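Enquirer: Taking the working numbering, the leading residue of the sequence shown gets 3, the next gets one more, and so forth.
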Amino acid sequence: MNYRHAFHAGNFADVFKHALLTRMLVYLMRKDAPLRYIDTHAGKGLYDLKSEEAVRGAEWRDGVGRIASADIPAAIESLLKPWLDATGLRSGQEPFEYPGSPLIAQALLRPVDRLILCEWQERDAARLESTIGRDKSVKTFHLDGYVALNANVPPPERRGLVLIDPPFEEPDEFGDMAAATIRAWKKWPTGVYALWYPLKRPDEAQTFVEGLAEAGLRRILRLELDIARRREPGPLSGCGMLIINPPFPLEAEARELLPWFVKTLGRDDGAAFRIDWVVGE
Ligand SMILES: C[S@@+](CC[C@H](N)C(=O)[O-])C[C@H]1O[C@@H](n2cnc3c(N)ncnc32)[C@H](O)[C@@H]1O
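#1: For D1 versus A107, is the C-beta distance shorter than 9 angstroms?
#2: Checking 9 angstroms against the spacing of the C-beta atoms, do R276 and E234 come in under that value?
#3: Secondary structure at D205, three-state DSSP: helix, strand or coil?
#4: Measuring CB to CB, does Y29 end up less than 9 angstroms from P251?
#5: Report the CB separation of L151 from I245 in whole angstroms; it is logged as a contact under 8 angstroms.
#6: With which residues is R92 paired in a DSSP beta bridge?
#7: What does the alpha-carbon distance come out to for the pair D278 and A215?
#8: Quick check on E96: buried or exposed, where buried means 16 or more other Cβ atoms within 10 Å of its Cβ?
#9: Mind checking whether L130 and K46 have CB atoms under 9 angstroms apart?
#10: Mark D137 as exposed unless 16 or more other C-beta atoms lie within 10 angstroms of its C-beta, in which case mark it buried.
#11: Can you name, in chain order, every residue of its own chain whose Cβ lies under 8 angstroms from the Cβ of N4, other than the five neighbours on each side?
#12: Considering Cα atoms alone, identify which of L227, G282, P237 and E283 is closest to R257.
This is the structure we're talking about:
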């Protein structure tokens, strides 16, 4: 496996994924009861935006770089604030590092909550563990995230969120993600599942979505963002997230955030968003 998130950290897909992840965690924390966060493909946790990998593609400049230099309207800023705080992004300041999903969740969650973080690449798993530091709330595993997911659901808290964010380098990553999600959902149907996917060939994402619906999963919200016209082959310019059991306000919040992302991150007239329910109640 060659995937290195260091090339992509802080790009438009991270903005989309992490801003929405943050909104869901904020909502789940409105109840005092503890929650569990399971990150099946956690990455190494913190990314140096001045590193050779980050500089080579400079993807972050069209992601967090644009956010840092944008004029953010007040309504959007209040939605983005927990993410901006957790990532250290400051308006008007060029970022020099960017945290990944595990560090964002760690920054947001409370001492009563628990985090399970899995990373398959040995070096990145070791880096993740040292970046997380001593934190009794967090368990980091150098394991296949799909295997770990199955072993960790349902969590004792019976409430929480699973983020599945694979690199999509395996030929049937959509199939693997669907199978793992269906298996986990059967054991824990009330969990919130956030499944990230690239938009390259629309048919593969559609087949994946239909597979989940056919397996009986309900309450599936689809959120997608394109920042440019899709070109095949070409750099990734669109991605989506399926949310199973989304927290109640997420759809309305996404209806505010995604048009602003289109405006702020869009590169040509192919920039667009989609919000729909694949399956309702
Ligand atoms: C897209 S990155 C994750 C980014 C991270 N979730 C974030 O938002 O900051 C995908 C990660 O999954 C790791 N990975 C690949 N296959 C895996 C597997 N089977 N189980 C766990 N991690 C895996 C890769 O090494 C890579 O670090």
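Yeah, the Cβ is synthetic: ideal placement off N, Cα and C, and Gly gets one too.
Owing to the predicted nature of the structure, the values given are computational and were not obtained by experimental measurement.
Expert: Quick look at the numbers:
#1: No answer is possible for residue 1: the residues shown for the chain start at 3 and end at 283.
#2: no
#3: Helix.
#4: yes
#5: About 16 angstroms; that fails the 8 angstroms criterion.
#6: Looking at the DSSP assignment, R92 forms no beta bridge with any residue, so it has no partner.
#7: 14 angstroms
#8: The C-beta of E96 has fewer than 16 other C-beta atoms within 10 Å across all chains shown, which makes the residue exposed.
#9: yes
#10: exposed
#11: E171
#12: L227
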